[in-house]
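Protein chains in written order, with numbering that gives the first Met the number 0: chain A, 0 to 358; chain B, 0 to 358.
Please read the structure below before turning to the comments.
There are 2 protein chains.
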Amino acid sequence: MSEKWLVEIIGGGLIGTSIALKIATIGGKVRIKDANPAHERVANELIGEALLPSDVEPSLVVVAVPVDTSPTVICRALMSNPSATVIDIGSIKTKVLLDVKTLWREKSPERPLSNFLPTHPMAGRELAGPDGARSDLFEGRAWAITPHDEVDSDVLALGQNLVGELGATPYLLSPEEHDRQVAMTSHLPQLLASALAGVLDEPLDLAGAGLRDMTRLASSDPAMWQPIFEANQNELTLLLSKVNESINQLVNQHFNRDAVLSFMTQGARGAARVPGKHGGVPRNYGTLSVVIPDAPGALARLFNHCADAKINIEDLRIEHSPGQETGLISLSVKPGDLSTLNNYLSTQGWHSTVLNKGN
Amino acid sequence: MSEKWLVEIIGGGLIGTSIALKIATIGGKVRIKDANPAHERVANELIGEALLPSDVEPSLVVVAVPVDTSPTVICRALMSNPSATVIDIGSIKTKVLLDVKTLWREKSPERPLSNFLPTHPMAGRELAGPDGARSDLFEGRAWAITPHDEVDSDVLALGQNLVGELGATPYLLSPEEHDRQVAMTSHLPQLLASALAGVLDEPLDLAGAGLRDMTRLASSDPAMWQPIFEANQNELTLLLSKVNESINQLVNQHFNRDAVLSFMTQGARGAARVPGKHGGVPRNYGTLSVVIPDAPGALARLFNHCADAKINIEDLRIEHSPGQETGLISLSVKPGDLSTLNNYLSTQGWHSTVLNKGN
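Below you can see the structure in the form of structure tokens.
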């Protein structure tokens with residue numbers, strides 16, 4: 000029971016409702032406000048007995064609305080709750096902070112922005128609405144916290160504490176560094192997935208796992224992404240011009256040996272920077288490909304055998320071939336475990352192939 | 000025992016050696032030739048008793064050398080084995096066929112190219128060398144067959160038969176259609192993965208599964224890809240200019256609402272064309288996210304529970320958050336199975352969240 004969490008959430012979408020549900024499970028009190036009265040009623044019914052009564056002032060306000068409207072909502076929350084901490088959860092930070100500062104100077108020129116802490120959880124991209132809200136949505140996720148120069152240290156500590164209570168890992172960085180990172184790690188991949196998918200024409204019988212991986216993001220919701228792209232367009236435009244330039248060089252040099260070698264070497268160097276599991280040294284696993292029949296229980300049998308061999312699977316993915324009633328699964332393990340697992344699976348009747356020995 | 004397979008493989012790399020091993024297991028006789036005598040000796044030792052004696056003529060020659068040298072090797076094989084079928088397994092088809100035709104007209108102007116069948120297995124991209132060669136490498140894979148106007152019908156039938164014996168599914172299409180398809184499904188994704196990875200700079204703490212999926216291909220071998228890109232540069236340049244144009248429109252319109260909406264809608268339409276499992280209707284699965292502890296046996300327990308619930312997992316992937324000792328796994332199932340599985344996993348103590356309800 001921790002009565003220190005007296006929370007008001009503004010915006011009853013996936014993120015807002017999930018935060019509310021988690022606050023309720025850790026003994027806090029919480030209420031949700033939403034511009035749509037029906038959404039607000041349903042969301043608050045989910046909270047049940049942990050509902051924060053309307054006459055109790057919140058000590059924390061979470062603004063969970065789209066980034067194009069959040070500056071206004073944040074300033075209104077700061078005005079209405081002068082002693083509360085206000086955090087937002089938007090996907091971009093520099094432009095929102097700038098807009099909040101400008102608005103705040105107009106409304107309250109004498110008071111610093113000490114109670115406002117911008118944050119951004121790396122969760123919930125797959126689903127926009129509140130339907131999938133769950134108290135454990137943030138379990139195992141990274142959560143950026145981007146303090147600015149006026150934030151009070153108690154407010155910062157409270158934000159870090161909240162992120163931990165919600166099950167996520169806090170990462171402190173500046174708003175500019177955040178926007179630069181998400182432009183690279185999230186916005187540019189999103190754009191390139193859409194651009195690639197946009198040139199696809201049927202038939203695509205020869206498509207494999209590579210194309211599926213590269214186009215998965217292209218099914219995302221344009222309404223959610225548009226304000227994000229627009230607000231982060233400076234970072235994005237810079238990255239897109241670099242991408243463009245590297246591709247133009249290839250084309251102009253007719254994909255000759257030197258051009259492709261330098262282009263792909265640069266790419267391999269970048270790919271090696273992408274964090275693997277637990278933020279550790281990436282891509283140092285060995286990989287096995289195993290043929291699996293398409294039937295309930297086949298994966299269970301396979302993973303039971305992996306467990307029998309006492310080997311931890313670090314990563315995996317399924318690859319399907321069109322028109323076949325079997326699939327292939329790639330299992331990544333520590334390089335030292337690779338031949339043990341390969342041999343053990345063979346004795347158990349699996350067809351397994353070493354794809355990559357790891358470093 | 001099928002003595003009809005008397006096979007010579009030219010090129011003892013991953014594909015060539017894997018074909019040889021499979022031919023040996025189905026009762027055929029096979030020998031491998033390689034420009035490197037040490038490679039040739041080792042590869043032929045793997046074949047053992049199924050080795051085709053050097054004084055026996057092959058009825059099938061498989062040319063498994065890089066695409067920049069294959070036309071010469073193909074024509075030499077056709078000259079040396081006038082009654083045998085010759086197939087290649089190269090990643091591009093139009094330019095190789097053109098070069099073969101030109102060379103062949105010079106060498107043998109009176110004889111048609113009736114014995115030459117171009118093919119391309121969708122396998123082995125992950126590993127270039129012969130180390131990973133396995134008789135079941137092609138199990139569950141698509142294998143393109145691109146007959147030209149001079150191919151004999153018996154030669155075509157033999158090629159289809161071979162692909163089936165190797166465990167793959169044959170797809171018949173024209174060389175032009177093949178090159179157009181692989182430009183979209185393989186070469187362009189490869190280029191965009193390298194281009195994206197090429198602009199990445201550390202730190203990348205906020206990176207998630209999306210970036211890992213989008214940069215996985217960027218670790219591929221430039222030496223293998225360069226001749227492929229160069230030979231297919233017409234298709235590739237066309238696609239790259241479309242990609243470029245769609246991105247330039249976004250930038251020029253400052254990522255405004257209409258521009259992003261039209262760009263992403265086009266992308267979503269393309270993504271929906273990517274074949275899912277068994278070439279069936281793609282992306283109609285529901286998806287659950289489940290928190291998994293990082294310990295041997297955790298996946299086995301999870302898939303045992305899925306099997307207890309009699310539910311077939313159609314697709315899955317692991318997502319890791321940096322710095323956390325847990326991971327998230329996404330399980331895709333038929334939409335009708337989604338709530339059954341979600342409820343059952345909850346009763347078994349798993350934290351599972353519906354990410355996507357499917358169609």
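Cβ atoms here follow ideal geometry from the backbone N, Cα and C, with glycine treated the same way.
Just so we're clear, the structure is a prediction, and the values are computed from it rather than from any experiment.
Pick helix, strand or coil for residue i, following the three-state DSSP scheme.
i	result
Pro274 (chain B)	coil
Thr68 (chain B)	coil
Tyr343 (chain B)	helix
Glu7 (chain A)	strand
Gly285 (chain A)	strand
Arg254 (chain A)	Just to set this straight, residue 254 (chain A) is Phe in the shown sequence, not Arg. Three-state result, Phe254 (chain A): coil.
Ala167 (chain A)	coil
Val55 (chain B)	coil
Arg316 (chain B)	strand
Val61 (chain B)	strand
Asp212 (chain B)	helix
Ala308 (chain A)	coil
His38 (chain B)	helix
Val198 (chain B)	coil
His119 (chain A)	strand
Ile88 (chain A)	coil
Pro81 (chain A)	coil
Leu249 (chain A)	helix
Leu97 (chain B)	helix
Leu155 (chain A)	helix
Ile18 (chain A)	helix
Leu235 (chain B)	helix
What does residue i touch in chain B if you count any residue whose Cβ is under 9 Å from its own?
i	result
Trp4 (chain A)	By Cβ distance, chain B contributes nothing, its closest Cβ being about 21 Å from Trp4 (chain A), past 9 Å.
Ala143 (chain A)	Asp204, Leu205
Gly269 (chain A)	Ser193, Leu195, Ala196, Gly197, Val198, Leu199, Asp200, Thr214, Ala217
Near residue i, what residues of its chain come up, given a Cβ to Cβ distance below 8 Å and the 5 sequence neighbours on each side ignored?
i	result
Thr16 (chain A)	Ile8, Ile31, Ala42, Leu45, Pro129, Ala132
Ser113 (chain B)	Glu149, Val150, Asp151, Val154
Met78 (chain B)	Lys106, Ser107
Gly278 (chain B)	The predicted position of Gly278 (chain B) is uncertain, since its pLDDT is 40 and thus under 50; a value taken from the coordinates is nonetheless stated next. Result list for Gly278 (chain B): empty, nothing under 8 Å.
Asn359 (chain B)	Outside the modelled stretch of chain B, which goes from 0 to 358, sits residue 359 (chain B), for which no answer is possible.
Val6 (chain A)	Ile18, Ala19, Ile22, Gly27, Lys28, Val29, Arg30, Leu51, Pro57, Ser58, Leu59, Val60, Val61
Arg268 (chain A)	none
Given that residue i touches chain A, what residues does it touch there, using C-beta distances under 7 Å?
i	result
Ser193 (chain B)	Phe262, Met263, Gly266
Cys74 (chain B)	Residues of chain A passing the Cβ test: none, with the nearest at roughly 24 Å.
Gln232 (chain B)	His253, Phe254
I'd like the list of long-range same chain contacts for residue i, defined as Cβ closer than 7 Å, with 5 residues on each side in sequence excluded.
i	result
Gly322 (chain A)	Any reading at Gly322 (chain A) needs caution, since the residue's pLDDT is 46, under 50, leaving its predicted position unreliable; the model's value is listed next. Excluding residues within five positions, none has a Cβ falling inside 7 Å.
Ser245 (chain A)	Phe262
Pro65 (chain A)	Pro226
Asn80 (chain B)	Glu56, Pro57, Val60
Ser173 (chain B)	Thr145
Leu344 (chain B)	Val289, His304, Ser351
Can you tell me which residues form a DSSP beta bridge with residue i?
i	result
Pro146 (chain B)	Paired residues: none, contrary to the question.
Lys32 (chain B)	B:Ile9
Pro355 (chain A)	It should be noted that the sequence gives Asn, not Pro, for residue 355 (chain A). DSSP lists A:Thr286 as partners of Asn355 (chain A).
Phe302 (chain B)	Paired residues: none, contrary to the question.
Ala206 (chain B)	DSSP, once it has assigned bridges, lists no residue as partnering Ala206 (chain B).
So which residues of chain A does residue i contact, with C-beta pairs closer than 8 Å?
i	result
Thr68 (chain B)	Ordered by position in chain A, no residue passes the 8 Å Cβ test against Thr68 (chain B), which lies about 14 Å from the chain.
So which residues of chain B does residue i contact, with C-beta pairs closer than 7 Å?
i	result
Ile367 (chain A)	Shown here, chain A extends from 0 to 358; a query on residue 367 (chain A) therefore has no answer.
Gln327 (chain A)	Rather than Gln, the amino acid found at residue 327 (chain A) in this sequence is Leu. Gly139, listed in chain order.
Arg133 (chain A)	Thr352
His170 (chain A)	What sits at residue 170 (chain A) in the sequence shown is Tyr, not His. The answer, in chain order, is Asp204, Leu205.
Trp224 (chain A)	Val259, Met263
Leu216 (chain A)	Gly209
Residues in its own chain within less than 6 Å of residue i by CB, not counting five upstream and five downstream?
i	result
Ala122 (chain B)	Leu136, Phe137, Arg140
Gly357 (chain B)	Asn283, Tyr284, Gly285, Pro334
Asn164 (chain A)	For the sequence presented, residue 164 (chain A) should be read as Glu rather than Asn. The answer, listed in chain order, is Ile25.
Leu171 (chain A)	Ile144
Leu187 (chain A)	Leu238
Just to make sure I have the definition right: I need the residues of chain A whose C-beta is within less than 9 Å of the C-beta of residue i. Which are they?
i	result
Ala63 (chain B)	None at all; the shortest Cβ gap to chain A is about 17 Å.
At 9 Å on the CB atoms, spell out the chain C contacts of residue i, in chain order.
i	result
Lys241 (chain A)	The chain labelled as chain C is not found among the protein chains of the depicted structure, namely A and B.
Using 8 Å as the Cβ pair cut-off and three pairs as the minimum, do the region 68 to 76 of chain A and the region 88 to 100 of chain A touch?
-> Contact between the region 68 to 76 of chain A and the region 88 to 100 of chain A is present, because at least three Cβ pairs lie under 8 Å.
Please determine if the region 49 to 59 of chain A and the region 22 to 38 of chain A are in contact, where contact requires at least 3 C-beta pairs separated by less than 8 Å. Put simply, the region 49 to 59 of chain A touches the region 22 to 38 of chain A. At least three CB pairs are less than 8 Å apart.
Using 8 Å as the cut-off, can you tell me whether the region 166 to 181 of chain A makes contact with the region 217 to 231 of chain B, which would need three or more C-beta pairs spanning the two stretches below that distance?
No, because fewer than three Cβ pairs between the region 166 to 181 of chain A and the region 217 to 231 of chain B fall closer than 8 Å, the two stretches do not touch.
Take every Cβ of the region 53 to 62 of chain A, pair it with every Cβ of the region 177 to 197 of chain A, and state whether three or more of those distances are shorter than 8 Å. Counting Cβ pairs under 8 Å, fewer than three are found: no touch.
Q: Please confirm if the region 294 to 304 of chain A is in contact with the region 290 to 308 of chain B, defined as three or more CB-CB distances below 8 Å between the two stretches.
A: The region 294 to 304 of chain A is in contact with the region 290 to 308 of chain B.
Practice item. Decide if the region 207 to 216 of chain A is in contact with the region 203 to 219 of chain B; the criterion is three or more beta carbon pairs, one per stretch, under 8 Å apart. Key: Yes, they touch.
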